[in-house]
Amino acid sequence: MRTVAVVGASLAGLSAARSLRKQGYDGRLVVIGDEAHRPYDRPPLSKEFLAGTLGEADLGLETDGEDLGAEWLLGTRATGLDRTDRSVRLADGQAVRADGVVIATGAAARTLPGADGLSGVHTLRTLDDARALRDELARGGRLVVIGGGFIGAEVASTAYALGLDVTVIEAAPTPLAGPLGETMGAVVSGLHTDHGVRLLCGVGVKGLSGERQVEAVLLDDGRSVPADIVVVGVGARPCVEWLDGSGVVLDNGVKCGADGRSSLAGVVAVGDCANWYDPRAGVHRRVEHWTGAVERPAAAVAALLAGGAVEPGVPRPPYFWSDQYGVKIQFAGFAGVADSVTVEEGAVGDRNVLAVYRRGGEPVAVLGMNQPRLFVRWRKQLALPVVR
Amino acid sequence: MIPACRLADLPRGEAFRLDIDPAVSVFHTDDGEVFAIDDTCTHQDASLADGWLEGCEVECPLHASKFDLRTGAVDSPPAKLPVRTHEVVIDDGMIYVRVSTDAPNLPPCVAARLAGGPA
Numbered sequence: 001m002r003t004v005a006v007v008g009a010s011l012a013g014l015s016a017a018r019s020l021r022k023q024g025y026d027g028r029l030v031v032i033g034d035e036a037h038r039p040y041d042r043p044p045l046s047k048e049f050l051a052g053t054l055g056e057a058d059l060g061l062e063t064d065g066e067d068l069g070a071e072w073l074l075g076t077r078a079t080g081l082d083r084t085d086r087s088v089r090l091a092d093g094q095a096v097r098a099d100g101v102v103i104a105t106g107a108a109a110r111t112l113p114g115a116d117g118l119s120g121v122h123t124l125r126t127l128d129d130a131r132a133l134r135d136e137l138a139r140g141g142r143l144v145v146i147g148g149g150f151i152g153a154e155v156a157s158t159a160y161a162l163g164l165d166v167t168v169i170e171a172a173p174t175p176l177a178g179p180l181g182e183t184m185g186a187v188v189s190g191l192h193t194d195h196g197v198r199l200l201c202g203v204g205v206k207g208l209s210g211e212r213q214v215e216a217v218l219l220d221d222g223r224s225v226p227a228d229i230v231v232v233g234v235g236a237r238p239c240v241e242w243l244d245g246s247g248v249v250l251d252n253g254v255k256c257g258a259d260g261r262s263s264l265a266g267v268v269a270v271g272d273c274a275n276w277y278d279p280r281a282g283v284h285r286r287v288e289h290w291t292g293a294v295e296r297p298a299a300a301v302a303a304l305l306a307g308g309a310v311e312p313g314v315p316r317p318p319y320f321w322s323d324q325y326g327v328k329i330q331f332a333g334f335a336g337v338a339d340s341v342t343v344e345e346g347a348v349g350d351r352n353v354l355a356v357y358r359r360g361g362e363p364v365a366v367l368g369m370n371q372p373r374l375f376v377r378w379r380k381q382l383a384l385p386v387v388r
Numbered sequence: 389m390i391p392a393c394r395l396a397d398l399p400r401g402e403a404f405r406l407d408i409d410p411a412v413s414v415f416h417t418d419d420g421e422v423f424a425i426d427d428t429c430t431h432q433d434a435s436l437a438d439g440w441l442e443g444c445e446v447e448c449p450l451h452a453s454k455f456d457l458r459t460g461a462v463d464s465p466p467a468k469l470p471v472r473t474h475e476v477v478i479d480d481g482m483i484y485v486r487v488s489t490d491a492p493n494l495p496p497c498v499a500a501r502l503a504g505g506p507a
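Same order as they appear, the protein sequences are chains A and B. Throughout the first sequence, residue numbering follows this note's numbering, covering 1 to 388 in sequence. Throughout the second sequence, residue numbering follows this note's numbering, covering 389 to 507 in sequence.
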């Protein structure tokens with residue numbers, strides 16, 4: 001291989017570029033990013049960066065003096081992939097012909113239909129999004145967060161600490177029930193009400209009102225919630241439209257094998273845009289976690305360089321964390337397959353708890369709130385090979 | 389040299405945190421080697437003694453930064469700076485640590501606390 005193009009310059013793309021060099025690839029390496037910024041860390045965008053305690057320089061992911069010997073094409077969106085010669089077409093008319101392609105184009109925040117052009121309405125995904133929201137939060141006022149997922153909850157927590165009046169609206173009866181299950185979803189989202197943040201559940205959003213500036217969020221049940229700032233945190237969709245017609249099979253992102261290989265030879269996908277096959281569960285899973293974007297590129301790059309001649313390892317159970325209202329929340333595994341959840345340490349009322357999810361008596365997931373030491377012990381146990 | 393604990397009291401795969409300031413942790417690897425590094429992750433305030441020890445590497449319990457116990461180098465983000473390594477001496481079954489005189493790479497919140505500023 002003489003040229004590898006990494007499309008996407010965020011955590012997954014950077015991790016892939018690092019893996020390529022670490023695994024001995026010494027050819028031409030081109031990293032293409034649609035944002036103008038060098039790779040930066042997104043988790044602080046809804047927390048320390050939004051709160052103003054962390055600056056932009058602190059977000060950089062590259063270490064001092066790190067040189068991957070890569071050509072960085074930043075501020076340049078990829079618009080297509082030509083399967084005949086693996087050329088990545090760029091919005092500025094350039095094309096990068098490559099022997100290997102790593103797709104790491106991530107995901108984009110879902111928006112609310114009809115919210116276009118109304119000022120005061122935000123999504124939070126990029127550094128530019130976070131700058132805009134930070135500046136607006138600094139002016140204070142009434143914040144309504146649409147979506148009680150992790151991004152929404154973190155923004156609510158940060159805004160609460162900044163002194164704003166905060167309301168969270170969640171369409172489902174219990175926030176976080178998908179990732180954490182009903183029981184623990186209720187416990188974790190209880191952090192909002194603990195702090196006097198209003199939490200409205202089981203009600204959908206009909207629309208927004210306001211002429212130029214948002215004035216209220218209109219609910220399905222007829223209520224109207226006054227708002228100066230609205231944050232829409234209703235999930236993300238994989239950024240793979242640019243691959244339409246390329247021959248890369250798309251199915252909830254780039255459909256990949258257990259080693260990240262796509263349907264096209266010489267093309268792998270990593271990070272939020274990649275729907276990897278999970279051999280343990282026998283299903284494809286698109287995992288949007290930070291840790292997946294760090295861990296999986298090594299396997300995908302190995303498969304790319306070896307042309308698929310390596311046996312993929314079994315990935316560790318997905319792990320993510322969140323910080324809300326001063327509580328460290330950690331979760332690993334799959335809550336959806338559990339048939340029970342038990343508190344092993346602490347008490348849910350104290351928001352200081354270690355809960356283990358089991359299926360047929362076997363641990364399948366673990367949740368910690370301010371329990372990092374015990375959490376790691378359980379997380380290690382989840383990673384042990386399953387005896388069948 | 390600072391006495392840490394007895395080798396017999398530190399099973400393989402476990403860590404012992406020395407509550408000095410800044411804290412230092414002693415790791416006993418599955419291969420039977422003993423290493424000492426700074427206990428605080430250079431990214432944010434987390435105790436590496438609580439982390440995931442695998443081979444000669446420890447993963448931070450919070451954000452999964454990895455540090456090489458032999459060199460202190462960062463092997464995985466989000467941390468960008470290494471931890472200090474400290475000399476370990478085992479004498480008559482007792483583990484001693486000779487703390488490095490280099491300046492530690494403490495995360496911003498901890499550095500501020502030690503400097504007497506707001507946490």
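Every residue, glycine too, gets a C-beta built ideally from N, C-alpha and C. This one's a predicted model, so the numbers in the text were calculated from it and none came from an experiment.
Short Cβ contact (8 Å threshold) for residue i with residue j
i      : j      : result
A/S19  : A/A269 : no
A/L286 : A/G253 : Correcting the residue identity first, residue 286 of chain A is Arg in this sequence and not Leu. Closer than 8 Å, so yes.
A/Y357 : A/L191 : no
A/L11  : A/V294 : yes
A/L14  : A/D41  : no
A/P317 : A/L382 : yes
A/T123 : A/V232 : yes
A/A108 : A/C239 : yes
A/R86  : A/R97  : yes
Short CB-CB distance (under 8 Å) between residue i and chain B
i      : result
A/D67  : no
A/K380 : yes
A/K47  : no
A/T291 : yes
A/L61  : yes
A/V400 : Nothing about residue 400 of chain A can be read from this structure; chain A reaches only from 1 to 388.
A/W321 : yes
A/V234 : no
A/V248 : no
A/V376 : yes
A/K206 : no
A/R38  : no
Buried or exposed (CB count within 10 angstroms, at least 16 for buried), residue i
i      : result
B/V462 : buried
B/L502 : exposed
B/S413 : buried
A/P39  : buried
B/I425 : buried
A/A332 : buried
B/A500 : exposed
A/D228 : buried
B/T489 : exposed
A/I146 : buried
A/A57  : exposed
A/V166 : buried
Chain A within 8 Å of residue i, Cβ atoms only
i      : result
B/G420 : no
B/S464 : yes
B/L450 : yes
B/D438 : yes
B/A434 : yes
B/D490 : no
Three-state class that DSSP yields for residue i in the structure shown
i      : result
A/A104 : coil
A/S209 : strand
A/V121 : strand
A/R18  : helix
A/T158 : helix
B/D419 : coil
A/F49  : helix
A/P179 : helix
A/I151 : helix
A/S224 : strand
A/V337 : helix
A/L133 : helix
A/A86  : According to the sequence provided, residue 86 of chain A is Arg. The question's Ala does not apply to it. DSSP places A/R86 in coil when its eight states are reduced to three.
Residue i: CB within 7 Å of a non-hydrogen atom of the ligand HEM
i      : result
A/L374 : In terms of ligand content, the structure shown is empty, and the ligand HEM therefore cannot be addressed.
Worksheet entry | 3 or more residues per run - each beta strand (DSSP E) lying fully within the region 432-506 of chain B | Within the region 432-506 of chain B, the complete beta strand (DSSP E) runs of at least 3 residues are 440-442, 445-447, 454-456, 462-464, 473-479, 482-486.
Worksheet item: In chain order, which beta strand (DSSP E) runs of at least 3 residues are fully inside the region 249-313 of chain A?
Response: Every unbroken stretch of the beta strand (DSSP E) spanning 3 or more residues and falling wholly within the region 249-313 of chain A is given here in chain order: 267-269, 274-278, 283-286.
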